[in-house]
Amino acid sequence: TELSKIRNFSIIAHIDHGKSTLADRLIQRTGGLSEREMSSQVLDNMDIEKERGITIKAQTVRLDYTAKDGQAYILNLMDTPGHVDFAYEVSRSLAACEGALLVVDAAQGVEAQTLANVYQSIEHDHEIVPVINKIDLPAAEPDKVKAEIEDIIGLPADDAVLASAKSGIGIDEILEAIVHKIPPPKGDRDAPLKAMLVDSWYDPYLGVVILIRVIDGVIKKGQSIKFMQAGTQHLVDRVGAFRPKIETLPELGPGEVGFITAQIKEIAQTRVGDTITDVKRPAAEALAGFKEVQPVVFCGLFPVDAADFEKLRESISKLRLNDASFSFEMESSAALGFGFRCGFLGLLHLEIIQERLTREYDLDLITTAPSVVYRLHLRHTKDEAAKTIELHNPADMPDPNRIESIEEPWIEATIYVPDEYLGPILKLCQDRRGIQKNLTYVAGRAQLTYELPLNEVVFDFYDRLKSISRGYASFDYHQIGHREGDLVKMNILVNAEAVDALSMIVHRSQAEARGRHMCERLKDLIPRHLFKIPIQAAIGGKVIARETIAALRKDVTAKCYGGDATRKRKLLEKQKEGKKRMREYGSVSIPQEAFIAALRMG
Ligand code: GDP
Ligand code: MG
2 TELSKIRNFS IIAHIDHGKS TLADRLIQRT GGLSEREMSS QVLDNMDIEK
52 ERGITIKAQT VRLDYTAKDG QAYILNLMDT PGHVDFAYEV SRSLAACEGA
102 LLVVDAAQGV EAQTLANVYQ SIEHDHEIVP VINKIDLPAA EPDKVKAEIE
152 DIIGLPADDA VLASAKSGIG IDEILEAIVH KIPPPKGDRD APLKAMLVDS
202 WYDPYLGVVI LIRVIDGVIK KGQSIKFMQA GTQHLVDRVG AFRPKIETLP
252 ELGPGEVGFI TAQIKEIAQT RVGDTITDVK RPAAEALAGF KEVQPVVFCG
302 LFPVDAADFE KLRESISKLR LNDASFSFEM ESSAALGFGF RCGFLGLLHL
352 EIIQERLTRE YDLDLITTAP SVVYRLHLRH TKDEAAKTIE LHNPADMPDP
402 NRIESIEEPW IEATIYVPDE YLGPILKLCQ DRRGIQKNLT YVAGRAQLTY
452 ELPLNEVVFD FYDRLKSISR GYASFDYHQI GHREGDLVKM NILVNAEAVD
502 ALSMIVHRSQ AEARGRHMCE RLKDLIPRHL FKIPIQAAIG GKVIARETIA
552 ALRKDVTAKC YGGDATRKRK LLEKQKEGKK RMREYGSVSI PQEAFIAALR
602 MG
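Okay, here's the thing in structure tokens:
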């Protein structure tokens, strides 16, 4: 295809502002699918994505559009993941485009994620076309939103398209704006092949499918290609595009977006951002900006029923086939038995994997407290030199005497919130050791910038933010590096024994409050035994909080002494059944629910 007839664009928006609905409309209008095939949203194809209304994996569609100038164009719509956890994937999808539609809800206005995404888009030198969506709503205020786009983002919004993706208003104007405002791609057909690996996923029929954007040269079936970062070689066996149905093509040339398959078994071999070139005539250098994504939040996943361990292993391995960004390794815990230590890109990512394991693989799981990655500087000993290690699991914390200092990851958070909720939000950030960097007001709303330790955010920050603001606050963050902190490992002791699954790393200033909270919770959650059970929170040998579970006076069968034998047996059976769901800890039985509930903050 001629370069001048290609347009590559993405849609950027805050969650719920109408990105998927608009994408579907564009597909429908350009004839990619029949009315019947349009029945459900096309681009969000995983159940969880649909339910949560967010896009997790980037998808792409090739649209044929004959413009009002009579010319036929190919429009490649790259959908981008809608959540901060997947920021790197967003950035790669954006790198494959020359422009973006900025969709803003006419009733909600500019939100935190609108902003985060639009700045990324600007960094990629995109031509940005503002679209004010949902103008059919009675609460729509397009003029106010235009002013916001200009004041907050600094983009001219005079000729923003007024649209309703739902009722089909403004769709033609959007298509014309894509053709006339977004520039065509550049590229050289005769140069050696250079293509970017934008995304990859596992398909049961095709194997690993790789989404690419060709920069220079041509890619065809039968060609030997090389992944420049991974250093691996493959033979291309299929080239095509999604319309959104799969269509095989003879080749993909410069500026084009499409997919290839090359008999690759595992997506772990394909890295987003890698450069694909020709084996015989390779490009001189790889594309800039390749980055390996690293998990930032870790937690343990354990089967409730120890007999499910193998099933958990199989299920996790299957999920991993389609998500190279999460990691897992076996872990054993005295309290919870055998399970896996898993790493995720963020909390939402963690929740998605956990939910899929529960729902799609029918597993009952216990999740331990999420932990971030700490950097520990260790002193030298007489056998070992000083060194720096990464700590993913509080249970692996070395002897405190060995530790010179601990660093924790920090983030910069942007929060948008209507004025009336500002007070409690400031308090929340302050309580979480936040450092206020900026506070401005635009159109009745506050824009707040805070630096926060990631550790304080992974627990329940987002849920708290939403509940304090009745859902009106929006939030976005990015990491800003590690900083030293006064961090300690807090152990929870039940009947004088440390429960490994409950130990956590906390800031010293918060240890006492957290410890007390945890002890109080456990006191309510652990059933009484025939003896007194002390529950303690301790840092090293020092107890910082304590509760006691009083002893039971009588056993359950006492009241049917000398009476009905069947009743007595039944009670004992019931007891036995209940016990199966308990974890014996030393001589104390802790119900599974206690772990889960204790780890929840609030
Ligand atoms: P996304 O999260 O940005 O992909 O948003 P969706 O496309 O999933 O839309 C979120 C919600 O807004 C859905 O309930 C849509 O039906 C609704 N919606 C999308 N566009 C419009 C519109 O133009 N008008 C109205 N009234 N609702 C819309
Ligand atoms: Mg969506």
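Using the UniProt record's numbering, read the sequence shown as starting at 2 and increasing by one per residue.
For glycine and all other residues, C-beta sits at the position ideal for the given N, C-alpha and C.
Remember, it's a predicted structure, so these values are computed and weren't measured experimentally.
Problem set entry | Endpoints, beta strand (DSSP E) assigned at Q480 | S475 to E485
Exercise. Which one of L346, P251 and G71 has the shortest CA to CA distance from H479?
Worked result: L346
Problem set entry | Extent of the continuous beta strand (DSSP E) run through P419 | I404 to P419
For this session: Look at T369 and C430 and say whether their C-beta atoms are less than 8 Å apart.
Result: no
Problem set entry | DSSP bridge partner residues for S333 (one or two, in chain order) | F339
Problem set entry | Burial state of K227, where buried means 16 or more other Cβ atoms lie within 10 Å | buried
Exercise. If you check the beta carbons only, do V495 and I353 fall under 8 Å apart?
Worked result: no
Problem set entry | Length of the line joining the Cα atoms of K145 and G110 | 8 Å
Problem set entry | Which of helix, strand or coil DSSP assigns to D189 | coil
Exercise. Are the Cβ atoms of L78 and H125 separated by less than 8 Å?
Worked result: no
Exercise. Ends of the alpha helix (DSSP H) at S94?
Worked result: A88 to A96
Problem set entry | Option nearest N456 by Cα separation, candidates V237, V373 and T415 | V373
Exercise. Does at least one heavy atom of the ligand GDP sit under 7 Å from the Cβ of K467?
Worked result: no
Problem set entry | Endpoints, the alpha helix (DSSP H) within which D25 is located | K20 to R30
Exercise. Around the Cβ of D384, are there at least 16 other Cβ atoms within 10 angstroms (buried) or fewer (exposed)?
Worked result: exposed
Exercise. Beta carbon of A474, beta carbon of V418: below 8 Å?
Worked result: yes
For this session: Indicate, with yes or no, if the ligand GDP has a heavy atom lying under 7 Å from the CB of residue 658.
Result: Shown here, the chain extends from 2 to 603; a query on residue 658 therefore has no answer.
For this session: Go ahead and pull the three-state DSSP assignment for K266.
Result: coil
For this session: Spell out the partners DSSP gives M79 in its beta bridges.
Result: S11 and T61
Exercise. Start and end of the beta strand (DSSP E) containing Q537?
Worked result: I534 to I540
Exercise. CB-CB under 6 Å to Y362, same chain, minus the five flanking residues each way: which ones, in chain order?
Worked result: S316
Exercise. With 16 as the cutoff for other CB atoms within 10 Å, does L531 come out buried or exposed?
Worked result: exposed
Problem set entry | Reference K6, options R26, Q72, H15 and V209, closest by Cα | Q72
Exercise. Quick one, which of K543, D397 and G435 has its alpha-carbon nearest M505's?
Worked result: D397
For this session: Check L455 in the structure and name its three-state DSSP category.
Result: helix
Exercise. Candidates S11, E408 and S92: which alpha carbon is nearest G274's?
Worked result: S92
Problem set entry | CA nearest to the CA of H350, picked from G100, A325 and I367 | A325
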